[in-house]
Amino acid sequence: MEAIAGTLGLNINGFLWHTANFLVLLFLMWRILYKPVVGMLNERTRRIQESLSHAENVRRQTEEAEAQRQALIAETRREGELMRQRADEQAKHIVAEAQARATHEAERILAQAQANIEATRVQMVADVRREVADMVVTAVDRVTRGAIDAGSQRTLIQQFLADSTAERKN
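Now the structure itself:
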């Protein structure tokens, strides 16, 4: 083997020392560099996992907050719609109440006006009867020139007017 190594120009002792040096260097590199680098990479991986976990928690909380916000908006809209409906109902009730009061007031005013008209008509009829009675008394007095006194004439005229009113009603 030395002959082959010699023809190839290899130094076995040097080769063994280089191999031993390489193995020592490899051991030292593994001890000094590899373990700390792997430790740093593992620590970095752990921190990344924690960050991802935290980000997932934040995302979940954000989704929950958004769902709560949407539910609150829906509840607010529903309450607003209920308030609007109640306001509409109250407005309709108030309008109906005002219309009822206005109708009642109009009926009262109409009844009062009819009563006033009837009272005025009765008063006018009474006034006309008195006027007619006075005119008839004056006319009869002129015609009879005192044959019947004024009180008797009035009584006769009142009876005549009452009889004529009763005949008109029948």
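The sequence shown maps to residues 1 to 170 in this note's numbering. Cβ coordinates follow ideal geometry from the N, Cα and C atoms, glycine included.
Specify the secondary structure class of residue i as computed by DSSP and reduced to three states.
i: G39; result: helix
i: G14; result: helix
i: G80; result: helix
i: G151; result: helix
Could you tell me the distance, in whole angstroms, from the CA atom of residue i to the CA atom of residue j?
i: N42; j: I48; result: 10 Å
i: I12; j: M29; result: 25 Å
i: L10; j: F27; result: 25 Å
i: Q90; j: A67; result: 34 Å
i: A96; j: E107; result: 16 Å
i: L72; j: D88; result: 24 Å
i: A100; j: V122; result: 32 Å
i: L52; j: L33; result: 28 Å
i: L23; j: L16; result: 10 Å
i: A3; j: V38; result: 45 Å
i: R60; j: E79; result: 28 Å
Pop quiz: residue i and residue j are said to be a contact at Cβ under 8 Å. What is the actual Cβ separation, rounded to whole angstroms?
i: A133; j: Q158; result: 7 Å
i: R154; j: V137; result: 6 Å
i: R129; j: L161; result: 5 Å
Practice problem: Would you check if the stretch 149–158 and the stretch 107–117 touch, i.e. whether three or more CB-CB distances between them fall below 8 Å? | Solution: no
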